[in-house]
Amino acid sequence: MFSFISKLKTKANFSKLKDKNFKFLFDEDKSGELVVVDTETTGLNTKKDEILSIGAVKIKDNKILTSQTFEVFLKNSKEIDSSSIKIHGIRPFDLKNAKTTKEGILEFLNFVGSRPLVGYYLEFDVDMINKYTKEILGITLPNRMIEVSEIYFDKSISLIPQGNIDLRFDTILKNCDIPNMGTHNAVNDAIMTAMIYLKLTKER
Numbered sequence: 001m002f003s004f005i006s007k008l009k010t011k012a013n014f015s016k017l018k019d020k021n022f023k024f025l026f027d028e029d030k031s032g033e034l035v036v037v038d039t040e041t042t043g044l045n046t047k048k049d050e051i052l053s054i055g056a057v058k059i060k061d062n063k064i065l066t067s068q069t070f071e072v073f074l075k076n077s078k079e080i081d082s083s084s085i086k087i088h089g090i091r092p093f094d095l096k097n098a099k100t101t102k103e104g105i106l107e108f109l110n111f112v113g114s115r116p117l118v119g120y121y122l123e124f125d126v127d128m129i130n131k132y133t134k135e136i137l138g139i140t141l142p143n144r145m146i147e148v149s150e151i152y153f154d155k156s157i158s159l160i161p162q163g164n165i166d167l168r169f170d171t172i173l174k175n176c177d178i179p180n181m182g183t184h185n186a187v188n189d190a191i192m193t194a195m196i197y198l199k200l201t202k203e204r
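Throughout the sequence shown, residue numbering follows UniProt numbering, covering 1 to 204 in sequence.
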């Protein structure tokens with residue numbers, strides 16, 4: 001039933017595609033790769049805030065393809081709040097040569113293709129990206145999504161039944177024995193998330 005409804009939604013989404021050059025987004029993925037994605041934004045309001053940068057890295061055969069990372073900085077219409085700079089470290093100067101949202105989003109879509117997406121609280125990142133893809137192409141991302149915090153929760157709940165499970169990123173890193181790479185930029189966060197994903201899925 002779910003599969004049928006999912007197919008209907010995908011078909012409806014495809015019918016809204018403005019540029020048929022991007023119909024490859026709806027193709028069956030045969031690459032055997034996953035794309036781990038992270039965004040840095042001006043805030044956490046998907047309706048009002050904007051993307052400052054997108055970082056991504058590919059996984060194939062249980063290996064992180066560090067030679068195939070993606071990073072793009074996007075121009076934004078608002079001043080960057082000083083409190084958010086403390087989180088993502090992106091200063092107005094860093095966006096001096098940033099790309100337009102259209103250029104950056106289309107580059108990202110070409111990098112991702114129809115590969116499944118992996119992320120930490122991925123729904124937020126995808127919602128932010130969808131805000132732009134709707135405007136540019138008329139569609140939302142059709143890619144399958146894999147949430148690492150859900151995998152972590154499922155593994156942890158069997159060890160701590162009815163316990164409170166801490167799903168903070170730094171806690172998951174620590175409990176998975178993964179080194180913190182420091183600066184929380186989009187690419188570093190994508191790589192660390194990829195390491196979490198591989199750690200959790202290898203031990204399943």
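All C-beta atoms, glycine included, are put in the ideal place defined by N, C-alpha and C. Just so you know, these numbers come straight off a predicted model, no measurement behind them.
Identify which residue in A12, I139, I64 has its Cα closest to the Cα of I191. For the residues A12, I139, I64, the minimum Cα distance to I191 belongs to I64.
When DSSP labels each residue in this structure, what does I136 get in the three-state scheme? Helix at I136.
**Exposed unless 16 or more other CB atoms sit within 10 angstroms - verdict on S31** = It counts as exposed.
**Asked** Rounded to a whole number of angstroms, what is the C-alpha to C-alpha distance between P179 and L173?
**Response** The C-alpha of P179 lies about 7 Å from the C-alpha of L173.
Exercise for the section: Determine, using beta-carbon pairs with one atom in the segment 127-146 and one in the segment 26-46, whether at least three such pairs fall under 8 Å. Expected result: Yes: the two stretches touch, three or more of their Cβ pairs being nearer than 8 Å.
Min CB distance I136 to chain B below 9 Å: Of the protein chains in this structure there is only one, and it is not chain B.
Using C-beta distances below 6 Å, list every residue in its chain close to I157, excluding the 5 sequence neighbours before and after it, in chain order. Cβ within range, chain order: n/a, list empty.
So, for A98: in the same chain, excluding its five sequence neighbours on each side, which residues have a beta-carbon less than 7 Å away from its beta-carbon? Residues of the same chain with a CB within less than 7 Å of the CB of A98, apart from the 5 flanking positions on each side, are F73, L74, K75 in chain order.
Hey, could you find the ends of the beta strand (DSSP E) I54 is sitting in?
-> First-last of the beta strand (DSSP E) with I54: 51-60.
Within its chain, find whatever has a CB closer than 7 Å to the CB of F111; leave out the 5 residues flanking it on each side and keep chain order. Counting only Cβ-Cβ distances below 7 Å, and skipping sequence neighbours, we find A56, F70.
Original post:
Which term fits D15, buried or exposed, when burial requires 16 or more other beta carbons within 10 angstroms of its beta carbon?
Top reply: First, the residue type needs correcting, since residue 15 is Ser and not Asp in the sequence shown. Exposed.
- Message: Just verifying my parser: in three-state terms, what is the DSSP assignment at L34?
- Response: In the structure shown, L34 falls within a strand segment according to DSSP collapsed to helix, strand and coil.
For K47 and K202, the rounded distance between their alpha carbons:
Whole-angstrom Cα-Cα distance: 37 Å.
_Here's the rule I'm using: 16 or more other beta-carbon atoms within 10 Å means buried, otherwise exposed. How should N143 be labelled?_
Under this definition N143 is a buried residue.
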